[in-house]
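Numbering (the UniProt record's numbering), first residue to last: 1 to 104.
Okay, structure coming up:
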């Protein structure tokens with residue numbers, strides 16, 4: 001995708017949240033001003049909405065401990081969801097069996 005020079009920096013410049021403290025919902029401790037460049041990505045924002053039911057703006061500030069905590073929570077929840085899906089598929093009587101003779 002090609003973006004003209006005039007509009008290339010518009011989203012990053014004007015869509016960024018004015019808050020410079022950590023916006024992670026499960027943040028522990030005092031919310032201090034963040035000096036780093038860690039921000040919440042679109043994928044992380046979607047994960048946060050699924051985990052906490054809260055909508056966080058993309059490119060909001062994120063501290064390093066919360067970034068690590070988020071990665072761990074997503075890994076744990078994904079393994080739990082995968083395990084739950086596999087058990088559901090094994091127990092489901094509604095899953096039709098594939099008849100290979102019909103495919104020929």
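Don't be surprised by glycine CBs; every beta carbon is placed ideally from N, CA and C.
Only a predicted model underlies this, so the values are computations on that prediction, with no experimental measurement involved.
Best match in the options for proximity to residue i [C-alpha to C-alpha]
i: residue 60; options: 28, 39, 32, 31; result: 39
i: residue 52; options: 66, 25, 21; result: 25
i: residue 37; options: 46, 76, 20; result: 20
i: residue 31; options: 44, 55, 58, 62; result: 62
i: residue 22; options: 64, 49, 75, 72; result: 64
i: residue 77; options: 68, 67, 50; result: 50
i: residue 27; options: 72, 74, 67; result: 67
Buried/exposed call for residue i, threshold 16 Cβ in 10 Å
i: residue 47; result: buried
i: residue 1; result: At residue 1 the pLDDT is 47, less than 50, meaning the model places this residue with poor confidence and gives no usable figure here.
Rounded Cβ spacing between residue i and residue j (contact assumed at less than 8 Å)
i: residue 42; j: residue 54; result: That pair is no contact at about 15 Å.
i: residue 34; j: residue 45; result: Not a contact, Cβ separation roughly 17 Å.
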